[in-house]
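Residue numbers (my numbering): 2 to 360.
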Amino acid sequence: MKILTVDLGDRSYPIYIGSGVLKNFDIVKRYIRSKQILIVTNETIAPLYLQSLMNGLSDYQVESIVLPDGEQFKNLTITNRIFDALLENKFNRSATLIALGGGVIGDITGFAAACYQRGVNFIQIPTTLLSQVDSSVGGKTGVNHALGKNMIGAFYQPQCVIADTDVLNTLDDRELSAGIAEVIKYGLIRDQAFFEWLEKNLNKLLERDKDALAYAIERSCLNKAEVVAEDEKESGLRAILNLGHTFGHAIETGCGYGVYLHGEAVAIGTCQAADLSRRLGWLNDQDVERIVQVFKHAQLPVTPPIELNEQQFMDLMAVDKKNINGEIRLVLLKAIGLAPLPLNVDSELLKQTLNYYGR
Ligand SMILES: NC(=O)c1ccc[n+]([C@@H]2O[C@H](COP(=O)([O-])OP(=O)(O)OC[C@H]3O[C@@H](n4cnc5c(N)ncnc54)[C@H](O)[C@@H]3O)[C@@H](O)[C@H]2O)c1
Ligand SMILES: [Zn+2]
C-alpha cells in the first residue's frame, strides 16, 4: 500500500493506493467522526461493492443511497435526494458521507457534503481509473446545470481518498482507457520520466496488472497533489491540468454527451494541442508522433470527429472557463513533460490545427 498526502495545511489529507485497501476497514474508520454514515453510490456499483462496505462498517449507523447511473443525473434534483436521506435519518454535523463510485458520484457527494449543514466530512472511494487519478483528488465538487456542465459547485476537500486497484477489475475496457488518457496527461504536462514509463508499460495497464496500475495511480496522484497544493483554487498553475480539455470539451459538447467518453475526447484534444504546439515550433514531428502513439496504444481515438467544423470548434471553445475577455486560452506543450500556463494563440495556427485530420 502507498500513502500520499495532499498538502493543504489544516485541510491536508491522505490518499491510500493499492490492491485490497478497500477491504482494510480500519483505514476508512480512521476518518469517521461519529456513528452516522451515509454511503452514496449508484445502481451499477451497489451490487458490486456496497454490501461489503456496509458489512465492514456494521458497528456504525450506516445508511446508503443508490442513485441512478449516468452523467445526466449529476444535477441538483438528484443531490436533493442525498439531503432528503440525511434529514430523514436525522444526521447532524458530525455525520460522514462516503462517495462510493466514479467521478459522477464523487462530484455529487462532495458537493452535498459541502452544503449539508454548511459542511460535513466526506470520504472518497473512487471506483473508476479516471476518478482514482483525477476527480477524487483536489476538492473540485459540483453538479451540472441544464445550461452548463459543472456550473454549480464548491471547492471542498475530502478527509481521505481510498483508491483500490482491485475494483478496476469490473470496469469495462473503454472506461479503463478513458482513465488512461488522464494518466498520460500528467506525464505530458510535468513528468517526462513518467511519460517514458507509460510508453513502455501501457500493455500492463491494459492488462490490469495490479502493480502497474498502483504505480500509475500513485504517480498521477502525486503530480495532481503537487499542483493542487500550489494552487488549490485554480488561480494559476492548476490550469495546466486542462491540457487537451478545451478541444476535448468542444468535442464532448459538439458531438452530444455520450458519444465520446470524457477521456476519449481529452485524448483527441491532447493530440490537437500537440499539433498546435508543433505549429508554434515548440514540439517537433517526432514528439507529436510519440504522443499520438501512446494514445493509440491505449486504445484511444486521436483524430477529431469529421462532423465538427472549424467554426463549430471555435464557437464551442469560446465558452471555456479559462478564457479571459472572450479570447481562447489554451494549455500547450513546450516539450514532453513541460506545459506552461495557458496562453492566447495565433488564430491562423489554431485554425490549421482544427482542420488537420491527418492521422
Ligand atoms: N472533480 C474533478 O476534479 C473532476 C475531474 C475530472 C472529472 N470529473 C467528473 O467526473 C465524471 C466522470 O467520472 P468517471 O469517468 O469516473 O465516470 P462515471 O462516474 O460516470 O463512471 C463511469 C461508469 O463506470 C461505472 N463504474 C464505476 N466504477 C465501476 C467499477 N468499479 N466497476 C464497474 N463499473 C463501474 C459507473 O457506474 C459509470 O457507468 C464527470 O462528471 C466529470 O465532470 C471531475
Ligand atoms: Zn479531464
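Heads up, the beta-carbon is just placed ideally off N, CA and C, and yes, glycines get one too.
Since the structure is predicted, the reported quantities are computational estimates derived from the model, not experimental observations.
Between isoleucine 190 and phenylalanine 296, the CB-CB gap reaches or exceeds 8 Å. When the beta-carbon positions are compared, glycine 103 and leucine 77 stay at least 8 Å from each other.
Within 7 Å of the C-beta of lysine 24 there is not a single heavy atom belonging to ligand 1. No residue range can be given for threonine 128, since it is assigned to no alpha helix (DSSP H) and is classified by DSSP as neither H nor E. The continuous alpha helix (DSSP H) containing glutamine 312 extends over residues 311 to 318. In this structure, ligand 1 has a non-hydrogen atom nearer than 7 Å to the beta-carbon of leucine 172. Minimum Cα-Cα distance from leucine 68 among the listed residues Asp212, Ser136, Ala240 and Ala100 corresponds to Ala100. For threonine 110, the closest alpha carbon among the candidates Gln133, Lys150 and Gly154 is that of Gly154. Residue pairing by DSSP leaves glutamate 44 without any beta bridge partner.
When secondary structure is reduced to three states using DSSP, threonine 304 falls in the coil class, being assigned neither helix nor strand. When rounded, the separation of the alpha-carbon atoms in alanine 268 and asparagine 90 is 43 Å. When C-alpha distances from valine 22 are compared across Ala336, Gly57, Ala266 and Glu290, the shortest belongs to Gly57. DSSP, reduced to helix, strand and coil, places glycine 19 within a strand of the structure shown.
CA-to-CA, the gap between isoleucine 337 and aspartate 60 works out to about 50 Å. The shortest CA-to-CA distance from arginine 280 to any of Leu342, Leu350 and Pro343 is the one to Leu350. Secondary structure in the stretch 131 to 213: the alpha helix (DSSP H) runs of 4 residues or longer, each lying completely within the stretch, are 174 to 191 and 193 to 207 in chain order. If you draw a straight line from the Cα of leucine 207 to the Cα of threonine 304, it is about 21 Å long.
Considering only Arg330, Leu51, Ala213 and Gly120, the residue with the shortest C-alpha distance to threonine 247 is Arg330. Around the beta carbon of isoleucine 252, 16 or more other beta carbons lie within 10 angstroms, which makes this residue buried.
In this structure the stretch 218 to 237 lies against the stretch 3 to 21, because at least three pairs of beta carbons, one per stretch, are closer than 8 Å.
Non-local beta-carbon contacts of isoleucine 66 in its own chain, meaning distances under 8 Å to residues more than five positions away in sequence, involve Leu39, Ile40, Val41, Thr42, Arg82, Ile83 and Ala86 in chain order.
Following the DSSP letters along the chain, one finds glycine 102 inside the beta strand (DSSP E) bounded by residues 97 to 102.
In the DSSP assignment, threonine 6 is bridged to Pro15.
One Cα belongs to alanine 179, the other to tyrosine 261, and the distance between them is close to 10 Å. Between leucine 203 and histidine 298 a beta carbon distance of about 5 Å is seen, short of the 8 Å cut, so the two are scored as contacting.
Per DSSP, the continuous alpha helix (DSSP H) segment holding glutamate 290 begins and ends at 286 to 298. Among the bridge pairs identified by DSSP, arginine 330 is matched with Asn345.
Taking 8 Å as the upper bound for CB-CB distance, isoleucine 16 and valine 162 are in contact here, some 4 Å apart. Just measuring C-alpha positions, the residue of Ala230, Gln300, Asp108 and Thr254 sitting nearest isoleucine 181 is Gln300. The continuous alpha helix (DSSP H) containing glutamate 89 extends over residues 77 to 89. Straight through space, the alpha carbons of phenylalanine 92 and glutamate 64 are spaced by roughly 10 Å. In this structure, DSSP gives serine 278 a helical state, which the three-state scheme calls helix. Residues of the same chain with a CB within less than 6 Å of the CB of lysine 211, apart from the 5 flanking positions on each side, are Ser20 and Thr166 in chain order.
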